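Structure first, commentary second.
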Amino acid sequence: MIDINGVTMTFERDGVPFTAVEDIDLTIADGEFASIIGPSGCGKTTLLKIIAGLVTPTAGTVTVDGNVIDGPGPERALVFQNFVLLPWASVLDNAAFGLEARGVAKEERRRIAREQLAKMGLSGFEQHYPRELSGGMQQRVGIARALAVDPSNLLMDEPFGALDALTRQLMQKDLLDLWEEAEARTAAFVTHSMDEAVYLSDRIVLMNTRPGRIEEIIEVPFPRENRADVVSQADYNEFTRYLWSRLEGMQRADMDTRGADG
Amino acid sequence: MTTRLSAFRSVALGTISVIGALALWEIVGLAGVSSALPPFHEVALALVDLLTSDAFQESVWFTLTAIAIAFPLTVAAGLILGSLMGLIRLLRWMFDPYMTLALSVPLVAIIPILINLFGFGRVTIIAVIVVYTLPVVVVNTVAGFDSVDPDQVAMARSFGASRLLLLRRVLLPTAAPLAASGVRLAAGRAIKGAIVGEQIVGLVGMGGLIQRFGGAFAVEDLYAAIVFVGILGIVVVNLLTRLERRVPA
Amino acid sequence: MSLHGDTTTTTAERSTVTKRPSLSERFGTDLPRIGVGAGSLAAGAVAWDLYARSADPLFAPRASSIWSAFVGLLGDSEFWQSYATTLRPFLWGWAAAMVVGLTFGLVIGMSSTIRALAGPHLSFFNALPVSTLVPAIVIAFGIDTVARSTVVFLFAVIEVTLTAASGVQYVDRDLLDMGRSFGLGRVRRFTRIILPGSAPAIAAAVRIGTARAVVGMVVMELLLVSVGVGKLISRYRDGFDAPRLYAVVLSLAVFALFVNGLMRLVEGRAQPWKDDEA
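Chains as they are written, first to last, in this note's numbering: chain A, 139 to 400; chain B, 49 to 297; chain C, 359 to 636.
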C-alpha cells in the first residue's frame, strides 16, 4: 500500500524556484493498479520518483506498507521508459541485477532470474546482450528484473512509451494477464495514453499542471477480469473518449497559457 | 553521485582553488624547499619587469608575427582543402593518408628536418606552424561534411535544388560548426608548435627566450615567461571559442 | 562546462556527397580507396625525389639514400642502444601518467566539487605548451632518468585525466538511478555501473595518453640531447649527415605508428558488448 501525504516538491533552477508537484494526497490500496496521467509537465514522473525514493520531497511524507520511506527499498521496484539495462551485461545478469544489489548469491539469483525471464517469454535469450534484442524484449527484461525482487509495489514510468504501437498493444495485454497472477501487488503506472490507463487500471489519477496537482481520481467502472473483452463495447469507448477530452482540455489550456507568457 | 553544481558555485570554487594554489606556491617558495621554486611574488615581479623589457617584447613580437602570418593562411588553405575533400571523393582518398599520418605521428619529430631545410629563422617557425595547423583544420572540415544528413540532401534534390543552392543551404551550414571547432583546436596547436619549434631552434621568439632563461638558471624569469605563455594560450583559445559559438549550428 | 576541448576527430568513413554511381560503387569502395591512397603516397615520394634531385643533398636527400641510411641504422647496434636508453624514461613516464591520470580523471569525473576545484588548473596546463616546462624540470632534476620521465609524464597526464573524466561524467544518469532504485550502494555503483560505463573512455584515454607520451619522449630527446635518440639526431644534424638525420626521424615516426597500432588493438577489446559500427 502506498500512502502519499501532503507531498510537495520544489526544485531550484538557476536560482528560480520551480514547483513540480504541490500538496499531493493519494492512497493506493493493496493490490490496486493505479495509473497516473496528465499533460506534459504535470509532475507525474517526479511523483513516481518520490514514491520510488529517488527524490526526497520538500514537504510531506510517503508511507509504503506502513513505513515512512527514506530512499529506495526492497518493497518497491521500478520499470523505466528507456529500459535502462546494463549494455555490458547479459540478459540473465540484467534480470538478476536487482537481486544482486540486494546481496543474493549468484546461483540463487540466476535461478530466480531464469524463472522470471521464462514468465516473460524470454527463455533461450539469457546469454544475449541487450543490443541484440528488440525494444519490446528489452522492456520484458526490465519487467523481469523488477519482478525478480518480488516487490509488493511495482512502479512503472511510461514503460511502453518507447515502443511501437503494435508492440505496445501486445505488452499491455501481457501486463494485464500478468496482473491476474500478481497476488495483491500494488502498481503505480505513469502514462501518457488514456487508452492505456483505462485498459490497465482500477483507478486513474488525473493530474493537472502548473503547479502539478491531482485534479481528480476516477474509478474505472469495468471489472478487470474481462477487461480485454470489454474493450470493444460502446460504453467503454465513451468512457475513454470522455477522459481523453478532459486530458486534451488540460493540455490545450496549458499550451494557451504558455503561449500567452510568450 | 555526479550531481551538478550551480554556475556560481563552480566559479567560486575555481577562484578559491587558484588563490589557494598561488598561496601555496608563495609559502613553499619562501620556505626555500628548492632553488628551482621561487616564491610566487618574485615570479610576479619578474613578469612585470619582463613585460617592460625590450628583449621580451622582441621575442613576443617574433612569435606573434610568425603566428599571425602562418595561421590565417593555413586556416584558409585548410578550409578550402577540407571542403574540396569533403565534396570530391577522389581528392579525399588522395589526401587522407597524409592527414592521418600527420595526426598519428609526433610532429615534433619533423622539426629537425624543417630546421635542416629552412635554417634557424622565422621561416622555419612558420613552417612548423603550418605543419601543426593544417591537418587539424582539414580533418575537422572533412568531418563537418561527413556530418551532412543524407535525408536533407535528398529533400533538397527532390525540390530540384541546384548544386550551388545545395552547397549554400545544406552542405556549408552543416559543415560550419565542426570546421569552426577545428579552427579553434588549430589555434592551440599553432601556439604550441611555434613555441616548441622556437625552443628547439633555440635563439628566437618566446621559446628561445625560455630556453635561454633555463640555461642561465634565471628561475623567476623562466616561470614568469611560462605563466605568460600559458595565459596567452588560454586567452587565444577563449577568444576563438567565443567566435566559434557565433557560427550558427 | 566541458573541461575537455582538445580531441581531434577522426574522419568517419561515410560516402561524400557525389551522385553518379561510379565504378567504385559497383565494386565496393574499399579497394579503390586504398589504391588511390597508396598511389598518392607513392606519388608524394616521387615528387620528393624529383625535388631532391635538383636540390642540395645536404638539405633534401634522395629517397634512396634515406632508405639505405635507414636500413643501415637498423643494423647498427648503437642505434638500438640509443632507443633502449630513450625507452626507459618513456616507459616510466607513461606508466606514471596512466596511473595518476586515470585515478585523478575518475575522481574528477565523479565529483563536481573536485571538478570545479581542479578546473582552472587543468585548463591552464592544457593550454600551456608542456615543452615550456622542460627547462624548469632540468633546473630541478637535472637531465637524468627522473627528469626525462617527468617530461614524458607531464606531456601525457593532462590528456589522460581529461579524457577519463569526461567519460565518467557522461555515464548514463538513468543507469545510476536504476542502480540506486534497486538499493545498490556507492561502491557497487562505481564497480558495476561507472567503471564499465566509462571503459571506452578509459581505453581512449590510454590511447591518447600514449600518443602524447611519445610526443613527450621526442621533445625530451630534442631538448635534452645528451643521450639516446636525441644524441643521434644532434650528431647527424651537426655533422650535416642529412640521410641519417631523415632516417632517424623516420624511425621515430615508425615507432609512433607501431605504438598507436598496439593501442588501437587494446582499445578494440575494451567493449565486446558494443555495436560493431564505430
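For glycine and all other residues, C-beta sits at the position ideal for the given N, C-alpha and C.
Please read all numbers here as calculations on a predicted model, not as lab measurements.
How should residue i be labelled, buried or exposed, when 16 other C-beta atoms within 10 angstroms of its C-beta is the threshold for buried?
i      : result
Q265/A : exposed
N364/A : exposed
Q259/B : buried
W298/B : Absent from the model: residue 298/B. The displayed extent of chain B is 49 to 297, so no value can be given.
R247/A : buried
L462/C : In the sequence as displayed, the identity of residue 462/C is Phe instead of Leu. Per the 10 Å Cβ criterion, buried.
I177/B : buried
Q247/B : buried
R151/A : exposed
R396/A : exposed
K244/A : exposed
A79/B  : exposed
G278/B : buried
Give the straight-line distance between the Cα atoms of residue i and residue j, rounded to the nearest whole angstrom.
i      : j      : result
G588/C : T443/C : 10 Å
Y528/C : F88/B  : 37 Å
Q277/A : W226/A : 16 Å
W452/C : V617/C : 12 Å
L449/C : W425/C : 28 Å
L381/A : E296/A : 18 Å
S290/A : L542/C : 19 Å
F193/B : S210/B : 18 Å
A125/B : P487/C : 25 Å
L230/A : F540/C : 16 Å
Q105/B : T113/B : 12 Å
E160/A : K182/A : 11 Å
G387/A : E292/B : 44 Å
L182/B : T503/C : 35 Å
L245/B : R170/B : Correcting the residue identity first, residue 245/B is Gly in this sequence and not Leu. One C-alpha to the other measures close to 10 Å.
A370/C : G253/B : Its pLDDT being 36, under 50, A370/C is placed unreliably in this model, and the value from its coordinates should be taken loosely. Rounded to whole angstroms, A370/C to G253/B spans 38 Å at the Cα level.
V585/C : V510/C : 15 Å
A421/C : A405/C : 10 Å
A84/B  : Y604/C : 36 Å
L534/C : L192/A : 11 Å
Kindly list, in the order they appear in chain A, the residues whose Cβ is closer than 7 Å to that of residue i.
i      : result
P554/C : W226
S539/C : A190, L192, P210, L216
Could you have a look at residue i and say whether DSSP puts it in helix, strand or coil?
i      : result
A191/B : helix
S382/C : Only weak support exists for where S382/C lies, its pLDDT of 46 falling under 50; the value from the coordinates is given anyway. The answer is helix: DSSP assigns S382/C an H, G or I state.
N346/A : strand
R294/B : coil
P155/A : strand
V267/B : helix
G77/B  : helix
F149/A : strand
F171/A : strand
V458/C : helix
D333/A : helix
V179/B : helix
F143/B : helix
V284/B : helix
V185/B : helix
D95/A  : Residue 95/A cannot be examined here, being either before or after the span of chain A that is shown, 139 to 400.
Going along chain C, which residues have a C-beta under 8 Å from residue i?
i      : result
G130/B : None at all; the shortest Cβ gap to chain C is about 10 Å.
R217/B : Chain C residues near R217/B: none, gap ~13 Å exceeds 8 Å.
F265/B : I497
N220/A : D532
L138/B : V394
Which chain A residues sit within Cβ distance under 8 Å of residue i?
i      : result
L313/C : Summary: the structure shown does not reach residue 313/C, with chain C confined to residues 359 through 636, and so no result is reported for it.
Identify the contact partners of residue i in chain C, using a Cβ-Cβ distance below 7 Å as the criterion.
i      : result
G236/A : F540
How would you list, in chain order, the residues of chain B whose beta-carbon sits under 9 Å from the beta-carbon of residue i?
i      : result
G477/C : S58, L61, G62, S65
Taking C-beta pairs closer than 9 Å, name the residues in chain A that residue i reaches, listed in chain order.
i      : result
R622/C : Going along chain A, no residue has its Cβ under 9 Å from R622/C, so there is no contact; the nearest lies around 20 Å.
R546/C : E238, A239
Please compile the residues from chain B whose C-beta is within a distance smaller than 7 Å of the C-beta of residue i.
i      : result
P493/C : I258, Q259, F261, G262, L270
G626/C : What G626/C touches in chain B: nothing, since even the nearest Cβ is about 16 Å away.
V576/C : P154, V156, A157
In chain B, which residues lie less than 8 Å from residue i when you measure between Cβ atoms?
i      : result
A421/C : Result: empty, since nearest Cβ-Cβ is about 14 Å, beyond 8 Å.
I591/C : P160
Inset, instruction - May I have a chain-ordered list of the alpha helix (DSSP H) segments no shorter than 4 residues that lie completely inside the segment 227 to 266 of chain A? - result: Runs of the alpha helix (DSSP H) inside the segment 227 to 266 of chain A: 229 to 233, 235 to 239, 244 to 257.
Inset, instruction - Identify every run of the beta strand (DSSP E) within the segment 191 to 243 of chain B, keeping only runs that are complete inside it and at least 3 residues long; order them along the chain. - result: none
Legend entry - Secondary structure, alpha helix (DSSP H): runs of 4+ residues fully inside the segment 557 to 592 of chain C: 557 to 581
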